[in-house]
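Below is one structure, written out as structure tokens; comments come after it.
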Amino acid sequence: MTPTYSYYRDILRGQRMPCAFVDVDLLDENIAAIKARAGAKTIRVASKSVRVPWALRRILDADPVYQGVMAYNAHEAVFLSEQGFDDILLGYPMWREGDIRAVCGELRKGKRIVLMVDASEQIGHTAQVGLAEGVTIPLCIDVDMSSSFPGIYFGVRRSPITAPQHLEPLLNALDKAKGVSLVGLMGYEAQIAGLGERNPANGMANLLIPFLKRRSVRELAARRAKAVEAIRARGHTLDLVNGGGTGSMESTREEPDVTEITVGSGFFSSSQFDYYTAFRHNPAAAYAIEVVRIPMPGLYTCAGGGYPASGPASKDKLPLPYLPEGAKLLGQEGAGEVQTPIAYNGPEKLGLGEPVFLRHFKAGELFERFNTALLISKGKVIDEVPTYRGMGKCFL
Ligand SMILES: Cc1ncc(COP(=O)(O)O)c(C=O)c1O
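Numbering-wise (my numbering), the sequence shown opens with residue -19 and increments by one.
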């Protein structure tokens, strides 16, 4: 059952606003639903889409299908390792020597942190640090998973490895390098995983997206298989072949070479994930802002609330009024730095001091705005846990 406005209003009465919360009951349902979508693959949890160590732990402890973390920064990986997490894959390349050295410190303690590379220079550079530090740094190669259709680039600009032959210089560098070893291959199909078919902000493109997705899925399954084959042919054993994200589980799980799917956003199911045809998870995280003035009937101005999301600037990146149902931002003002006017003409009484609940477009970014998350379960606040920010951590 979807919680109502009065459910959260009553639970959060007396809390200082703005405040962010996690509905643990909805989160637990999401954890079970995401497990059911994984097929025979394990799931690596994308920390960037969570950013609350308590929640990372709850997901990983929920079921053996959840194995390891995908981190977004070397210092974050070290921090998580120090917090007791293990089996950490850096989802993005790192260059700074100090960052790589910090990871070596954890490797020396017996922890597993795998660095991401997509160029031979990174391999040589990382190998030098590994040698100097007296450790072997495990590496994963990131291959591009975008599609190029006539007049449409369908995907993101990440790895330069767009064909198996582009792996050659990296494999040659690995042959020469000491201080590193290849353990994995990753390909992130962002255009499948992160793009819904029904996002109103995409307008008419929504008619084309399902068709492009189907074509792209076929193409990239073949590309990933060829990349795996090329690496194995050079004598490497791959411990992990990683793919996907919340929005692509149904296609990524069908690829036989893939061993694990990365999932992050689906656990809190931010508004970005309201627009997919294949699945719908519960909105398990949101935030409350307080009505502080009423400029005219039907208009409620709240303190704070302006937390837009990263990515190309478009309307969908604004916070989405969640409860009471029917609440809306004003086109002219959006969600503001210090004030957010909300238009509402429904049955709930929104007096001064009452909350309005909003959801962020991105699941993890929400918690960069709050020191803590209130945990709600069965009608009450059961705990308050720190976010990365609340632990004094700002990694990117
Ligand atoms: C490398 C990589 N894998 C997987 C994901 C999927 O994460 P999520 O499930 O949060 O969409 C992302 C998100 O950007 C990513 O960058």
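Note that CB positions come from ideal geometry on N, CA and C, so glycine has one too.
- Remark: the shortest separation between the CB of T352 and any heavy atom of ligand 1 does not fall under 7 Å.
- Taking the C-beta atoms as reference points, V58 is found no nearer than 8 Å to T367.
- Counting along the chain, N10 sits inside the alpha helix (DSSP H) bounded by residues 4 to 16.
- The C-beta distance from G333 to E270 rounds to 6 Å, short enough to fall under 8 Å.
- Here M184 is exposed. Its C-beta has fewer than 16 other C-beta atoms within 10 Å.
- The residue among I172, R(-11), E199, A201 with its C-alpha nearest the C-alpha of L188 is I172.
- Secondary structure in the stretch 110 to 180: the beta strand (DSSP E) runs of 3 residues or longer, each lying completely within the stretch, are 117 to 123, 127 to 129, 132 to 134, 160 to 167 in chain order.
- DSSP places D41 inside the alpha helix (DSSP H), whose first and last residues are 33 to 42.
- Contact between I121 and L150 holds: CB atoms are separated by about 6 Å, below the 8 Å threshold.
- If you keep only unbroken beta strand (DSSP E) runs of at least 3 residues inside the stretch 270 to 337, you get 279 to 283, 300 to 303, 319 to 323.
- In the three-state reduction of the DSSP assignment, A57 falls in the helix class.
- In the DSSP assignment, S357 forms a beta bridge with K360.
- Secondary structure note for E230: it is in no beta strand (DSSP E), and the uninterrupted alpha helix (DSSP H) holding it is 229 to 232.
- Rounded to whole angstroms, T281 and S294 show a C-alpha spacing of 23 Å.
- Using a Cβ distance threshold of 8 Å, Y287 and A323 do not count as a contacting pair.
- For a cut-off of 8 Å, the C-beta gap from A210 to P144 is around 4 Å, short enough to register as a contact.
- Each of A26, S29, G71, Y168, G225, T226, T242, V243, G244, S245 has a C-beta closer than 5 Å to some heavy atom of ligand 1; these make up the full list, in chain order.
- Unbroken alpha helix (DSSP H) stretches of 4 residues or longer found wholly inside the stretch 63 to 98: 77 to 88, given in chain order.
- Per DSSP, the beta-bridge partners of F1 are A266, L354.
- Taking C-beta separations shorter than 7 Å and ignoring five residues to either side along the sequence, the partners of K158 in its chain run A107, L111, following chain order.
- Selection F134, H146, E86 evaluated against D66 yields E86 as nearest (Cα-Cα).
- Within the same chain, and ignoring the five residues on either side of D363 in sequence, the residues whose Cβ sits closer than 7 Å to its Cβ are L355.
- Taking the C-beta atoms as reference points, G224 is found no nearer than 8 Å to E148.
- By the neighbour-count criterion, in which 16 or more other beta carbons inside 10 Å mark a residue as buried, N325 falls on the exposed side.
- Burial of R138 is indicated by the presence of at least 16 other C-beta atoms within 10 angstroms of its C-beta.
- One Cα belongs to K358, the other to Y(-13), and the distance between them is close to 10 Å.
- The alpha helix (DSSP H) runs of length 4 or more contained entirely in the stretch 187 to 240 are, from start to end of the chain, 229 to 232.
- If you look at G48, you'll find it in the beta strand (DSSP E) that goes 46 to 51.
- A26 carries a strand assignment under DSSP once its states are collapsed to helix, strand and coil.
- Put simply, of Y(-15), L60, N186, M166 the residue whose alpha carbon is nearest the alpha carbon of Y72 is M166.
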